[in-house]
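Reviewing the structure listed below.
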Amino acid sequence: MLQERITLLEDARIILGVTGSIAAYKAVDLASKLTQAGAQVDVIMTAAAQRFVTPLSFEAVTGRPVFTDMWQTASPDLPTHIAHIGLGEGADLLVIAPATAQTVARLAAGLADDLLAVTALAARCPLLVAPAMDGGMYAHPATRANLDTLRNRGAIVIEPEAGHLASGHMGTGRLPETPTLLGHIRRAMGRHGILAGRRVVVTAGGTREPLDPVRYLSNHSSGKQGYALAQAALDAGAETVLISTVSALPAPIGAVFVPVNTAEEMLEAVQAHCASADILIMAAAVADFRPARVAPHKIKKAASPKRESTLELLRNPDILMAVKEGRERTGWPRVVVGFAAETESLLENARAKLEEKGLDLIIANDITSPQAGFGADTNRVVILDRESEQQRPPLASKARVSEIILERAAAALRG
Ligand code: C5P
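Quick look at the structure:
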């Protein structure tokens, strides 16, 4: 799949500092994905970084000149021609990935001995540092103290991962992969978004209602729309809780992830997290019924010799109805958004649910429409509110649809 543009990163000016670690090759991919997402990426390489990858690699993926020399003049589109001032001025973020022990020490000491160090001193934007080094070097008290110094000054340190290191040893010191780095970058960029300081709870996926230890009843929900909503909430600066039945998708970086299986578990998790939530978005496809009994052992064919067999079902709790009751008592969550996945009479059914479940917004989703609904990467929805206003965004990625839903929910919160 093509890397899609990320609204939060469109036209963002990101300085990517690359230092002399074998992980420098991963920074080429990061620079490429940031550029594809819509950011303007200016790369600064230290002398040691150039022993691992060449400036040409970064120039090729960013389409911009790469900076390697303190005495070089900056490109004409930067705020000033003095490179270390021009690069830092007006930048939205300075990311140093990978950051060696040496660079971490130079930053902590405030040295100004190359273009990257000088730019870090001159820049006024947030600093994100992703250390990558051998496990012993990372664990050394000197490196620890230097990273603490950077954190205390407000820098965000992305923890390296554990695993195989270039030395052949196992240890903690690996640069995380691009999606993880991108997740941290999004978190840093979204911190002043429209939902900064707000709490958003999102549910995702189809609930799984067990029948016996190997089988369950569920539905076709992929969880993609719920995950996209959680990412959009994070991009908007919200503290985000994702309550999910899905384990195949990576949880968005920064979200509190709460895994659940059944409707009853989801109800419990929603109630636990909604007590102080500003916005609840119930994107999950909750099973209306569950097997009346869960067999302790795998059900055998031989147990039902007839061709037909009957499964007794029990009604599941309606989570949104329980939330409505709680909200009438406490006033929380402030804004509740539901989904209506329908195969017929879309708007009438959606409007009835909005009323019955006491929602502020309902997202009506015709799951029979092509390129929309279960499993698709795009969605076509109609957003209905209490005033019977209809908003019909065009067919768009689930990411874009999520941004529109979050904008509407944020407006409802303000109103
Ligand atoms: O009634 P229906 O299942 O069509 O309503 C859909 C909306 O209600 C969705 O937002 C879904 O997450 C929520 N729901 C719920 N508890 C249920 C069933 C659905 O909260 N038991």
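In this text, residue positions in the sequence shown follow the numbering used here: the first is -6, and each later residue adds one. Don't be surprised by glycine CBs; every beta carbon is placed ideally from N, CA and C. A quick note: this is a predicted structure, and the numbers were derived from the prediction, not measured.
Where isoleucine 178 falls: helix, strand or coil (DSSP): The answer is helix: DSSP assigns isoleucine 178 an H, G or I state.
Any non-hydrogen atom of the ligand C5P closer than 8 Å to alanine 333 Cβ: yes
Neighbourhood of glutamine 384 by C-beta, 6 Å cutoff - its chain only, sequence neighbours within 5 removed: Ile376
C-beta contact flag for aspartate 127 and alanine 90 at 9 Å: no
Straight-line Cα distance separating lysine 299 from glutamate 328: Note on identity: in this sequence residue 328 is valine, with glutamate being the wrong assignment. C-alpha separation (whole angstroms): 51 Å.
Three-state class that DSSP yields for arginine 401 in the structure shown: Helix, per DSSP.
Alpha-carbon spacing of alanine 102 relative to tryptophan 325, whole angstroms: Distance between the alpha carbons of alanine 102 and tryptophan 325 is about 47 Å.
Length of the line joining the Cα atoms of leucine -5 and threonine 323: Model confidence at leucine -5 stands at a pLDDT of 49, short of 50, so the residue's coordinates are unreliable and nothing is read from them.
Given 8 Å, three or more beta-carbon pairs between the segment 393 to 402 and the segment 307 to 324: no
Helix, strand or coil at histidine 133 according to DSSP, with G and I counted as helix: coil
heavy atom of the ligand C5P below 8 Å from asparagine 212 C-beta: The ligand C5P never approaches asparagine 212 closely enough for any of its heavy atoms to be under 8 Å from the residue's Cβ.
Distance, glycine 129 Cα to histidine 162 Cα: 10 Å
Reduced DSSP secondary structure (H/G/I, E/B, other) of phenylalanine 367: Three-state DSSP puts phenylalanine 367 in coil, outside helix and strand.
Same chain, Cβ closer than 6 Å to glutamate 335, neighbours up to 5 away in sequence not counted: Asn342
Cutoff 8 Å; reference alanine 116; Cβ partners in own chain excluding five residues on either side: Ile8, Leu80, Gly81, Glu82, Ala84, Leu87
Cross-strand partners of asparagine 358 (DSSP beta bridge): Ala334, Val374
Assumed close pair threonine 196, glycine 176 - CB separation to whole angstroms, cut-off 8 Å: That belief does not hold up - the Cβ atoms of threonine 196 and glycine 176 are roughly 20 Å apart, past 8 Å.
Alanine 241 versus Gly216, Ala231, Ile37, Asp22, residue with shortest Cα-Cα distance: Closest option to alanine 241, Cα to Cα, is Gly216.
Residues near valine 207 in its chain [Cβ-Cβ closer than 6 Å; skip 5 each side]: Lys291
Three-pair Cβ contact test at 8 Å for the segment 184 to 192 versus the segment 268 to 279: yes
Proline 284: CB within 8 Å of a non-hydrogen atom of the ligand C5P: Incorrect: proline 284 has no Cβ contact closer than 8 Å to the ligand C5P.
Spatially closest choice to methionine 182 from Arg146, Ile151, Ala125, Cys118, by CA coordinates: Cys118
Buried or exposed by the 16-neighbour rule on C-beta atoms within 10 Å, applied to aspartate 106: That one is exposed.
Same chain, Cβ closer than 6 Å to serine 211, five either side skipped, listed in chain order: Gly199, Arg201
Bounding residues of the beta strand (DSSP E) (the contiguous stretch that carries arginine 320): Run containing arginine 320: none in the beta strand (DSSP E); it sits in the alpha helix (DSSP H), 312 to 323.
Lysine 350 beta carbon near the ligand C5P (any heavy atom closer than 8 Å): yes
Neighbour flag for serine 50 against chain D, beta carbons, 9 Å: In the structure shown, chain D cannot be found, because there is only a single protein chain.
Beta bridge counterpart(s) of aspartate 35 as assigned by DSSP: Ile8
Nearest-angstrom beta carbon gap, alanine 277 and threonine 238 [assumed within contact, 8 Å]: 7 Å
Distance, aspartate 70 Cα to valine 54 Cα: 18 Å
Between the CA atoms of methionine 63 and histidine 77 - distance to the nearest angstrom: Approximately 7 Å between the Cα atoms of the pair.
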